[in-house]
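Numbers 5 to 149, taken from my numbering, label the letters of the sequence shown in order.
Don't be surprised by glycine CBs; every beta carbon is placed ideally from N, CA and C.
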Amino acid sequence: KGTWADFATGDKGGDLIDLVRYIDGGTDVDACKKLAGLLNVSAGSANAKNAPAKPAAPEWIAIQPIPAEAMNKCPAKHRQHGVPSKVWIYRDAQGRPVMALYRFDLGPDEDGKPRKVFAPLTWCKRSDGQTTQWRWQGLPQPRPL
5 KGTWADFATG DKGGDLIDLV RYIDGGTDVD ACKKLAGLLN VSAGSANAKN APAKPAAPEW
65 IAIQPIPAEA MNKCPAKHRQ HGVPSKVWIY RDAQGRPVMA LYRFDLGPDE DGKPRKVFAP
125 LTWCKRSDGQ TTQWRWQGLP QPRPL
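Here's what the structure looks like:
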């Protein structure tokens with residue numbers, strides 16, 4: 005953690021700069037300058053490296069229409085909201101399913117009014133093409149009527 009303590013006096017500090025300031029007196033700036041001199045470090049002498057780039061999260065692309073074998077594996081409940089009170093299947097002009105919309109009736113709010121949550125569910129393919137799965141996300145723009 006970088007903490008220090010003087011057990012004889014009970015004084016403590018959080019880091020090396022605090023310790024130098026405690027021993028020599030002065031300000032944080034004075035302590036930093038003294039440490040820089042002791043460590044032979046000058047301003048701007050260190051080469052800072054950029055943090056490695058975090059790989060972008062894969063994008064999930066809705067597959068339309070949803071294949072029949074995927075419809076047979078449609079989730080029966082939501083991981084957070086549980087079993088839905090109603091499910092609507094949205095279809096394209098040919099009657100093929102493109103999305104499901106789940107409604108969850110939650111407990112009442114602080115005013116006693118019933119709460120409900122809607123969650124769209126689409127059959128998706130990961131942008132790298134490695135896998136397909138159900139995802140709690142809606143259809144991309146432009147959405148079908």
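Compute the Euclidean distance between the alpha carbons of G18 and N44, then round it to the nearest angstrom.
So the alpha carbons of these two residues sit roughly 23 Å apart.
Measuring CA to CA, which of C128, P88, Q141, R100 is closest to Y106?
Y106 has its Cα closest to that of P88, out of C128, P88, Q141, R100.
Which term fits I70, buried or exposed, when burial requires 16 or more other beta carbons within 10 angstroms of its beta carbon?
Buried, because 16 or more other Cβ atoms sit within 10 Å of the Cβ of I70.
Checking 8 Å against the spacing of the C-beta atoms, do R130 and P62 come in under that value?
Yes, Cβ-Cβ distance for R130 and P62 is below 8 Å.
Beta-carbon within less than 6 Å of T136's beta-carbon, same chain only, minus the 5 sequence neighbours each way: which residues are those?
Cβ within range, chain order: K129.
Can you name the residues that DSSP bridges to K16?
K16 pairs with A9.
Rank A60, P59, F108, I65 by C-alpha distance to the C-alpha of R83 and give the top, closest one.
When only C-alpha atoms are compared, the closest one is F108.
Between the C-alpha atoms of W8 and A55, what's the straight-line distance to the nearest angstrom?
Their Cα atoms are separated by approximately 30 Å.
Going by DSSP, name the residue or residues bridged to I93.
For I93, which the question treats as bridged, DSSP gives the partners A104.
Report the rounded CA-to-CA distance for G86 versus G48, giving the unit in angstroms.
Going from the Cα of G86 to the Cα of G48 covers about 56 Å.
Under 8 Å between the Cβ atoms of P79 and L125?
In this structure, L125 lies closer than 8 Å to P79 by Cβ.
Tell me, please, which residues DSSP counts as bridged to R2.
The structure shown does not extend to residue 2, since the chain is modelled only from 5 to 149, so the question has no answer here.
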